[in-house]
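Student: Got a structure here, written out as structure tokens. Questions coming.
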Amino acid sequence: MTGASGEFPAEIDPQDAFQLFSHELRLEILFALWEAPEYALAFSEIQDAVDERDSGKFTYHLEQLTEQFVKEIEGRYVLQYAGHRVIDAIQSGVFHTSPTVSPVEAPGACTRCGTTPLFEYDEHLATVSCPDCETKRIEYPFDPGGFQGRSIEEAIETFDRRTTYKWRLASSGVCFVCAGRVSVTYTQTAADIETNDRYRTFFAADHPALFHLSCQNCSFYSYIPVGIRLLDNPVVGGQLATSGLDTTDQFLWEFPFVTDGECVTVQSRDPWEVTVEAPTPNGKLAVTLDADATVQSVTLEP
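Read left to right, the sequence shown gives residues 40 to 341 (this note's numbering).
Next up, the structure:
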């Protein structure tokens, strides 16, 4: 293992790792271990679970997985972290399913008119919009696994919690996909993002400033509202609570400082300095972010 600034030596080439699963028997072995108590089975138990009578063939494919995805420990084969991650990717549903949810009522209220918003889902994209304002309040990718074993109401709440978590983590510089370093920079207009697939009709296209997130290690990239930083700062959270706004009992689309561009003011672009205003029952909280997306100042205005 090298230092933080170096590269980690690979025990197996990433492309070779994916080619390992070109044979369905290897995935069946991983699933058998995943479904087993303590994620471990003896050789014969795995063979029975995958129903492969050819011992030579079974042994060959099990050996291809051993060490990196499966490890033999005291006579049993145990699913390793890498094996769990393969299962995780499959169970997310993004590779083999894409359900559609017709518009249904979502909890909360539109920040502009108070109307009950609608939730819909198509092509891995979840959207919360206002039927009266005819505006999108929030829109972001959501894995089909989020609907598994949940009512639609539970799935909507899961989308809210998961999106909030992702935005907070990534805007702080940590990739939620691979744990790599995320570059957090500002972009000033929707013109910067019109050529990027899902952002052509982006819900925050009218915001004067957005965060451009880009992982330095994997393919993750995103554009999100700068107001999300208010939910990730304990000082701001305390000030909001003191001013009568409890951020723990509202949905992401109920925060004007996240959804509404008029709450965002660009003070400077060289270097970047952005002020986000959060309306509260006891006044307006003005939070200034510096070029590093760090809270610079917090002021409560009447």
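Even for Gly, the Cβ is constructed at its ideal location relative to N, Cα and C.
#1: State the CB to CB distance for the pair residue 339 and residue 278, rounded to an integer number of angstroms; the pair is presumed to be in contact (CB under 8 Å).
#2: Quick check on residue 95: does DSSP put it in helix, strand or coil?
#3: On a CA-only basis, which of 96, 161, 60 is nearest residue 121? Give me that one, please.
#4: Going by beta-carbon coordinates alone, are residue 317 and residue 269 separated by less than 8 Å?
#5: Does the beta-carbon distance from residue 145 to residue 195 come in below 8 Å?
#6: Within its chain, find whatever has a CB closer than 6 Å to the CB of residue 154; leave out the 5 residues flanking it on each side and keep chain order.
#7: Taking DSSP as the reference, what is the three-state secondary structure of residue 329?
#8: Counting only runs of 4+ residues fully inside the stretch 243–319, write out the alpha helix (DSSP H) ranges in chain order.
#9: When the Cα atoms are used, what is the spatial distance from residue 361 to residue 183?
#10: Tell me the rounded alpha-carbon separation between residue 97 and residue 69.
#11: Below 8 Å CB to CB, which residues in the same chain sit around residue 189 once its five sequence neighbours on both sides are set aside?
#12: Would you mind giving the Cβ-Cβ distance between residue 104 and residue 85, rounded to the nearest angstrom? I have them listed as a contact below 8 Å.
#13: What are the start and end residues of the beta strand (DSSP E) that includes residue 176?
#14: Near residue 206, which residues of its chain fall below 7 Å by C-beta distance, leaving aside the five closest residues on each side in sequence?
#15: Are residue 158 and residue 167 touching if we call contact CB-CB under 8 Å?
#16: Tell me the residue span of the alpha helix (DSSP H) that contains residue 343.
#17: On the CB-based measure, 16 or more other CB atoms within 10 Å of its CB, does residue 134 come out buried or exposed?
#18: Is the beta carbon of residue 116 less than 8 Å from the beta carbon of residue 109?
#19: First and last residue of the beta strand (DSSP E) that includes residue 222?
#20: Could you compute how far the alpha carbon of residue 49 sits from the alpha carbon of residue 217?
#21: What are the residues that DSSP puts in a beta bridge with residue 158?
#22: What residue from 199, 161, 175, 259 has the CA that sits closest to residue 219's CA?
#23: Going by other Cβ atoms of all chains shown within 10 Å of its Cβ, with 16 needed for buried, is residue 199 buried or exposed?
#24: Can you tell me whether DSSP reads residue 106 as helix, strand or coil?
#25: If we ignore side chains and look at the alpha-carbon of each, how far apart do residue 143 and residue 91 end up?
#26: Output the distance between the C-alpha atoms of residue 326 and residue 336, rounded to the nearest integer angstrom.
Tutor: Working from what's here:
#1: 7 Å
#2: helix
#3: 60
#4: yes
#5: yes
#6: 169, 171
#7: coil
#8: 273–281, 295–298
#9: Missing from the structure shown is residue 361; the chain here goes from 40 to 341 and no further.
#10: 13 Å
#11: 197
#12: Not confirmed; about 10 Å, so no contact.
#13: 174–180
#14: 263, 267
#15: yes
#16: The first residue shown for the chain is 40 and the last is 341, placing residue 343 beyond what the model contains.
#17: exposed
#18: yes
#19: 221–226
#20: Confidence in residue 49 is poor, its pLDDT being 49 and thus under 50, which makes the residue's placement unreliable; the coordinate value appears in the next sentence. About 15 Å.
#21: 143, 167
#22: 259
#23: buried
#24: coil
#25: 46 Å
#26: 6 Å
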